[in-house]
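In full-length UniProt numbering, the protein residues as written are 1 to 577.
We put the CB at the ideal spot given by N, CA and C, even for glycine.
Before any comments, here is the structure.
In structure tokens:
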């Protein structure tokens, strides 16, 4: 009896606590509309009559028409983006369904040595590894298990390249070191000497300046006399590790198809589960390779070179005018110019190269600024060149200018931020503005669904992906405007740092003794995100109080996302889950 009574009392206590929690939540939900309404009423009473009349006139004459124009433009841009996304998704799914592999579209035969000719049947290949102060410690991760075998990035990249299954006498490895740290330069040079003593044909090249950054280093590397004997050039960034059969699988495409200029491999990541931000990056980049690159390769034999993990025909690079440092996307610039010369590209999805995702928000934001600003700047600088190029079909020109550069590199960022983070939230203050449901619900749902079916294993991350990508859209829109207007930071190049301090402290505590600096206050908080979070919170609260729709649900969630990013709780500060 006592046990039953105790159990009943405990159950009553649990029920009481749950009831209290629910009551508290309901009270909070009810207090927000009451507080907003009281604030609005008191503000209206405080304002003089002439101010209210002037605002009503301005609102009717300017604000409402401006909002209607903004909504109309966003609707048009949304449809443009939807058509592009549906087209690319349809093509990539068709390629997967019908198994239209590159080997079926292009001739591919294994290169093998003859007993009489020996390794001379293998073409000469130049491998370029551009570096800049590569002192980070690289931790290889697999799923949620971490291998505790930290090693400097430059050692892994050079070691993986020297391990390629290709005759050493038919391959020249060129380490292009733009480092400004003398200690790092000595270590990289020593590593090159170690591999040279093992019989590898490896050279260590430095410059007395960093003009042109990566493009400048690659361009100067191509000017050495020994490069003239090479037919193809492979580019691996410092944190990229190719599999040993990379050249054996990629080079035959170029050998047997003289019109092909580029073979692009897919990036594979060693730290996708390091934190929520790296999971989201993996989703975004997987979509880029599986859909965008695959669709471009299968339909127009064109896509943007990813800057690393690819093999170029050297004659195609020369035909396109060589490397150019006019933008921060020298890889995309070269691809566009080579395509205008009639060269074709092929993307090989099952040819993968391991690399590392940036795990700190600061590094990721700099990377996205460089990529986004550079693409917009390339559109500005190449639009006339593309349109006036002879011997290129009108269809090809329209594809490059409209689909590739305008819709994907400009419209996508503008729509994501302007419509879903600015126009829809601001519309709650203006009842005259009506945004159709197909723009608010159906289009983003369709785009999200098309992304989800190519990243089915990460479908549970989709809500976080949506909210985080909307936050990043604010930075991408800024970068797009800077690139289109040739702003001061249009040619800003910040090398993407890999492996943040948190993971380094967890796994390699001794490494933190080398360099450990406490972040400044301004670096810990991001005030643009915090300010926008406040704006969204006010919009959501006003809609909860006066609105007749349910925008406030989404706007509150987006506001929370901006708050979290603004407070710096993103990236390696958050443990993987």
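Beta-carbon proximity list for residue i, same chain, < 8 Å, skipping 5 on both sides
i	result
residue 406	379
residue 185	177, 179, 206
residue 662	Beyond the ends of the chain as shown, which are 1 and 577, falls residue 662; an answer cannot be given.
residue 259	342, 343, 344
residue 249	348, 351
residue 256	106, 107, 108, 109
residue 161	127, 129, 173, 236, 242
residue 530	562, 563, 566, 567
residue 414	77, 477, 480
Closer than 8 Å to chain B by CB, residue i
i	result
residue 364	The structure shown has no chain B; it contains just one protein chain.
Nonlocal neighbours in the same chain, by C-beta distance under 6 Å from residue i, ignoring five residues either side
i	result
residue 364	358
residue 50	none
residue 493	213, 328
residue 210	178
residue 419	74
residue 497	363
Buried or exposed by the 16-neighbour rule on C-beta atoms within 10 Å, applied to residue i
i	result
residue 139	Confidence in residue 139 is poor, its pLDDT being 48 and thus under 50, which makes the residue's placement too unreliable to answer from.
residue 361	buried
residue 308	buried
residue 491	buried
residue 134	buried
residue 457	exposed
residue 572	buried
residue 417	buried
residue 485	exposed
residue 543	buried
residue 548	exposed
residue 141	Only weak support is given to the placement of residue 141: the predicted model assigns it a pLDDT of 44, under 50, and the question is left unresolved by the model.
residue 395	exposed
residue 387	exposed
residue 374	buried
residue 296	buried
residue 483	buried
residue 339	buried
residue 385	exposed
residue 355	buried
residue 182	exposed
residue 202	buried
residue 198	exposed
residue 372	buried
residue 443	buried
residue 537	buried
Reference residue i; option with closest CA among the options
i	options	result
residue 155	189, 123, 165, 170	189
residue 70	421, 278, 453	421
residue 157	124, 532, 165, 131	131
residue 403	80, 204, 305	80
residue 579	83, 429, 102	With the chain running from 1 to 577 in the structure shown, residue 579 is simply not present.
residue 409	468, 480, 459, 444	480
residue 112	251, 330, 374	251
residue 318	298, 219, 294, 253	219
residue 228	311, 126, 242, 83	126
residue 110	459, 279, 165	165
residue 333	460, 348, 304	304
residue 324	68, 217, 98, 432	217
residue 299	400, 195, 46	400
residue 91	169, 496, 301	301
residue 66	487, 546, 433, 54	433
residue 97	63, 280, 167, 294	294
residue 230	313, 488, 100, 414	313
residue 232	119, 123, 223, 451	123
residue 448	471, 283, 276	283
Beta-carbon contacts of residue i that lie in its chain and below 7 Å, excluding the five residues immediately before and after
i	result
residue 191	154, 155, 158
residue 382	336
residue 525	566, 567, 568
residue 540	552, 555, 556, 559
residue 73	none
residue 84	403, 407, 408
For residue i, the residue or residues it bridges with in DSSP
i	result
residue 384	Residue 384 is not bridged to any residue.
residue 124	Answer by DSSP bridge pairing: none, since residue 124 is not bridged.
residue 360	571
residue 345	262
residue 354	241, 268
residue 311	234, 263
residue 436	Answer is none; residue 436 lacks a bridge partner.
residue 293	In the DSSP output, where bridge partners are listed per residue, residue 293 has none listed.
residue 131	177
Within the stretch 163 to 245, note down every full alpha helix (DSSP H) run reaching 4 residues or more, in order along the chain. Segments of the alpha helix (DSSP H) lying fully in the stretch 163 to 245: 182 to 197, 213 to 221.
In chain order, which alpha helix (DSSP H) runs of at least 4 residues are fully inside the stretch 429 to 479? Here the runs fully enclosed are 443 to 452.
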